[in-house]
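Numbering (this note's numbering), first residue to last: 171 to 459.
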């Protein structure tokens with residue numbers, strides 16, 4: 171009997187561990203429902219449930235910024251106009267907005283659809299916009315307000331389930347492209363020591379225009395003989411290191427002979443020994459793979 175209990179306990183703990191690992195591997199999502207409609211709660215519950223079941227951790231965005239009036243906020247652009255406030259209170263990697271679009275056609279019919287936008291807070295870029303097909307609701311002639319609300323609610327639930335599945339497919343596809351559920355983008359800190367300005371220009375040109383997976387460069391700084399920047403990319407660290415060595419060899423610079431390269435976590439430090447004459451980028455993407 172004790173063996174059975176022990177085995178059962180091990181199974182339960184294993185399932186909890188697997189779920190925790192899955193949650194840790196996927197980005198935190200802050201979910202917002204824009205506009206004002208009595209069916210907004212149903213939309214949020216449906217889509218949140220779909221994403222939760224696939225291991226995504228969902229944060230109630232509306233509750234996080236309850237001091238903001240979202241009733242007249244029509245899209246994510248308008249929401250992001252409050253970015254100063256959002257940055258202070260949101261730690262989510264992704265923002266997803268949902269909006270029920272309802273239009274009365276005539277006394278006996280209305281049209282509805284649900285739109286959504288997905289935004290990466292790290293890269294400050296839109297990942298996707300999506301909407302359900304537009305559906306026409308036809309009301310019976312003797313349909314009162316209660317009847318109309320019931321028909322509308324039923325259609326909203328069906329569209330919410332459909333949209334939740336679509337959003338899930340989009341997120342899974344984006345995350346699988348990166349082969350890493352922990353982040354959609356990665357940030358690397360580069361530091362170059364003893365390089366001339368023209369050589370830094372050459373290297374950044376290569377990294378921006380030829381390295382696959384490039385997203386953006388920020389925090390560019392130059393102090394004395396040191397240049398540094400933050401490099402956002404979907405590429406892993408080993409490939410970046412390989413491509414950097416190739417780029418430096420194109421200007422007759424060999425690792426350990428002409429410079430040293432050290433890597434720690436997501437920090438890359440390159441120290442050049444002698445000076446050299448730099449050449450411009452030849453624009454050959456094929457060498458980076």
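A virtual CB, placed ideally from N, CA and C, is assigned to each residue, including glycine. On a predicted model such as this, the values are computed, not experimentally measured, just so you know.
Check, Outcome
"Would you check if the distance between the CB atom of residue 442 and the CB atom of residue 364 is smaller than 7 Å?", "yes"
"Classify residue 395 as buried or exposed, calling it buried when 16 or more other Cβ atoms lie within 10 Å of its own Cβ.", "exposed"
"Run the CB neighbour count on residue 440, radius 10 Å, all protein chains shown included, and call it buried at 16 or more, exposed below.", "buried"
"Near residue 350, what residues of its chain come up, given a Cβ to Cβ distance below 6 Å and the 5 sequence neighbours on each side ignored?", "Summary for residue 350: the model assigns pLDDT 48, below 50, so the residue's position carries little reliability; its value from the coordinates is reported in the next sentence. Result list for residue 350: empty, nothing under 6 Å."
"With contact counted as at least three CB pairs below 8 Å, one residue from each stretch, are the stretch 358-377 and the stretch 312-330 in contact?", "no"
"Check whether the Cβ atoms of residue 264 and residue 286 sit closer than 7 Å, and answer yes or no.", "no"
"Taking only the alpha-carbon atoms, compute the straight-line gap between residue 359 and residue 400 and give it to the nearest angstrom.", "5 Å"
"If we ignore side chains and look at the alpha-carbon of each, how far apart do residue 322 and residue 282 end up?", "9 Å"
"Please determine, among 366, 313 and 203, the residue with the shortest C-alpha to C-alpha distance to residue 280.", "313"
"Report buried or exposed for residue 226, applying the criterion of at least 16 other Cβ atoms within 10 angstroms of its Cβ.", "buried"
"Can you give the beta carbon distance from residue 403 to residue 381, rounded, assuming they're within the 8 Å contact cut?", "7 Å"
"Would you mind sorting residue 266 into buried or exposed? The rule is 16 or more other CB atoms within 10 Å of its CB.", "buried"
"Going by DSSP in three states, residue 332 sits in which element: helix, strand or coil?", "helix"
"Cα-Cα, which of 411, 339 and 362 is closest to residue 393?", "362"
"Are the CB atoms of residue 288 and residue 302 nearer to each other than 7 Å?", "no"
"Which runs of the beta strand (DSSP E) fall wholly inside the stretch 274-352 and span at least 3 residues, in chain order?", "279-290, 295-301 and 305-308"
"Taking 7 Å as the cut-off, decide whether the C-beta atoms of residue 262 and residue 214 are in contact.", "no"
"Excluding the 5 residues flanking residue 429 on each side, which residues of the same chain have their C-beta closer than 8 Å to its C-beta?", "418, 423, 440, 441, 442 and 443"
"Under the three-state reduction of DSSP, which class applies to residue 230: helix, strand or coil?", "strand"
"Can you have a look at residue 308 and say buried or exposed, based on whether 16 or more other CB atoms are within 10 angstroms of its CB?", "exposed"
"Using three-state DSSP, classify residue 130 as helix, strand or coil.", "What the structure shows of the chain is the stretch from 171 to 459, and residue 130 is not part of that stretch, so it cannot be assessed."
"Helix, strand or coil for residue 441 per DSSP?", "strand"
"Counting C-beta neighbours from all protein chains within 10 Å, is the total for residue 379 16 or more, i.e. buried, or is it exposed?", "exposed"
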